[in-house]
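> Submitted below is the structure of interest, expressed as C-alpha cells.
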Amino acid sequence: MFDAHLDLPVVFGSLIGIALLVYALTGGADFGGGVFDLLASGPRRDRQRALIAHAIGPIWEANHVWMILVVVLLFVAFPVGFAALMTALHIPIVLMLIGITLRGAAFVFRAYGPATPNWRRWGAVFAASSVVTPILLGVILGAVTSGRMIVDENRRVVTNFYSEWCALFPWTLGFMMLSLFAYLAAVYLTLESQHDSELRDDFRRRAMFANAGFGMTAALAALAARTGAPHLFTTLAGTPRAWLMQGVTAFVALAAMAALYHRRFRLARALAIVQTTLVWAAWMVAQNGWILVDALSLEDAASPPSFLRPALVVLALGSLVLVPAFVFLFRVFKVRPTMP
C-alpha cells in the first residue's frame with residue numbers, strides 16, 4: 032500500500048532530517064546554555080548561571096530523545112549507511128557521546144553536590160562539554176555532506192578513520208553549529224528572564240553577538256564548501272532559486288536582530304526558530320537523495336520495502352505517544368500559569 036504512494040527511503044530520510052531539526056531547536060539550545068554558563072561574567076555571573084540551570088533543568092534530558100530517534104531510524108531504515116557512518120566517523124561520534132554523557136553527569140553532580148571549590152569543577156566539565164559536543168556534531172554532519180567518504184562496490188566504506196572529518200569544511204561547520212546553538216539559547220533565555228530586566232539585557236546582547244557570530248561562521252563554512260563540499264556549494268549557490276533561499280534566510284536573521292534590538296523577545300524567538308529551520312532545510316536540500324553525498328544514495332542504503340512499511344506504521348503509532356508526551360512536558364514546566 033505504501034509503495035504506491037510513498038518513496039519510503041525519501042520519507043525516512045526526511046524524518047531523520049526533521050528529528051535532527053527538533054533536536055537542534057531543543058537539545059541544541061541546551062548546549063548553548065552551557066556555552067553561556069562557561070562565559071558567565073560580571074557582577075551577575077552567579078545569577079546568569081542560576082537562570083541557565085533553572086531553564087534547562089526540568090526538561091533537558093528529554094530533548095535527547097530526538098537524537099535517539101535519529102540513531103534508531105538510521106539503523107532501521109538505512110543499515111548500510113549506519114554501518115558506513117559508524118565505521119568512518121566512529122572517533123568523532125564516540126567523542127560526541129562522551130561529551131553528552133559527561134555533560135549530563137556534571138550537571139547533576141554540580142546541582143546536588145556540596146558547594147565546595149573542588150565540587151564546583153563539575154561546572155567546568157558541564158560547560159566545556161557543552162562547547163565541544165556541538166562542534167563535534169557539526170563536524171559529523173560536515174563529513175557526511177563533504178563528499179569525501181568512499182564506498183566500494185560492495186557498499187563498504189573505505190576509510191583511514193580520520194581524513195573524512197579532519198578537514199577544514201567539517202570544522203567550520205562545527206563552529207557554525209556551536210554559534211547557532213548559542214544563539215538559540217540566548218534568545219530563549221531572554222524570555223526565561225522576563226522578571227529580571229538586567230539578566231534579560233545580558234542575554235539580549237549575547238543573542239545579538241551570537242547571531243553575528245553565526246553569520247560569520249556560516250560565511251566561513253560557505254567559503255570552505257567551495258572545495259571541501261562542492262555538492263553543497265553548488266546546491267546552495269548554483270541557481271537563482273538557491274540565492275533566493277539564502278536571501279530569505281539572511282532577511283530573517285536581520286529581522287531577528289532588529290527584534291532583539293527593539294526588545295520584541297517573543298518575535299525574536301519565533302524568527303530564531305524560522306532562521307534555524309531555513310538553515311536546516313538548506314542542508315536537507317543539499318543532502319536530498321544521499322546518505323553519504325556522492326558515495327551512498329538513500330535508495331542503495333535503504334532496507335527492503337517489506338521492512339520499511341511496518342517500520343513506518345510503528346513509527347506513526349509511537350509518535351501518537353511521543354509527541355503529545357513531549358508537548359505535555361513543555362506545558363508543565365515551561366508555560367507560566369496566569370495569575371487570577
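Read left to right, the sequence shown gives residues 32 to 371 (the numbering used here).
Just so it is clear, CB atoms sit at the ideal spot from N, CA and C, and this is done for glycine as well.
Computed from a prediction, not measured in an experiment: that's the story for all the values here.
Just checking my contact of A333 with F109 at CB under 8 angstroms: how many whole Å lie between their CB atoms?
Sure, about 6 angstroms apart at Cβ, within 8 angstroms.
> With a threshold of 16 other CB atoms inside 10 Å of the CB of A250, please say whether the residue is buried or exposed.
A250 should be labelled exposed.
> Let me know if L51 comes out buried or exposed under the rule of 16 or more other beta-carbons within 10 Å of its beta-carbon.
With 16 or more other Cβ atoms within 10 Å, it is buried.
> For L168, which three-state DSSP category applies?
Of the three classes helix, strand and coil, the one that applies to L168 here is helix, per DSSP.
> Around the Cβ of D77, are there at least 16 other Cβ atoms within 10 angstroms (buried) or fewer (exposed)?
Looking at its Cβ environment, which holds fewer than 16 other Cβ atoms inside 10 Å, D77 is exposed.
> Let me know the alpha helix (DSSP H) ranges lying completely inside the segment 97-179, each 4 residues or longer, listed in chain order.
Entirely contained in the segment 97-179, the alpha helix (DSSP H) runs reaching 4 residues are, in chain order, 110-119, 121-143 and 152-177.
> Out of M276, R294 and L302, state which residue places its alpha-carbon closest to the alpha-carbon of P285.
Looking at the sequence itself, residue 285 is Leu, so the reference to Pro does not match. Out of M276, R294 and L302, L302 has the C-alpha closest to the C-alpha of L285.
> Over the uninterrupted beta strand (DSSP E) stretch that includes I374, give me the two end residues.
What is shown of the chain runs 32 to 371, which leaves residue 374 out entirely.
> Taking T266 as the reference, give the member of Q277, A317 and E223 with the closest Cα.
Taking only the C-alpha atoms, the option nearest T266 is A317.
> Measuring alpha carbon to alpha carbon, tell me which of P341, R362, L263 and S328 ends up nearest V41.
Ranking the options by Cα distance to V41, first place goes to S328.
> Does DSSP classify S45 as helix, strand or coil?
Residue state, collapsed to three classes: helix.
> Which ranges would you report for the alpha helix (DSSP H) in the segment 280-328 if only whole runs of at least 4 residues count?
Entirely contained in the segment 280-328, the alpha helix (DSSP H) runs reaching 4 residues are, in chain order, 296-318.
> Could you pull out every residue in the same chain whose Cβ sits closer than 6 angstroms to the Cβ of A342, ignoring the five residues on either side in sequence?
V107, listed in sequence order.
> Could you check how far apart the C-beta atoms of F12 and A216 are, in whole angstroms? I think they sit under 8 angstroms.
Since the first and last residues shown for the chain are 32 and 371, residue 12 lies out of range.
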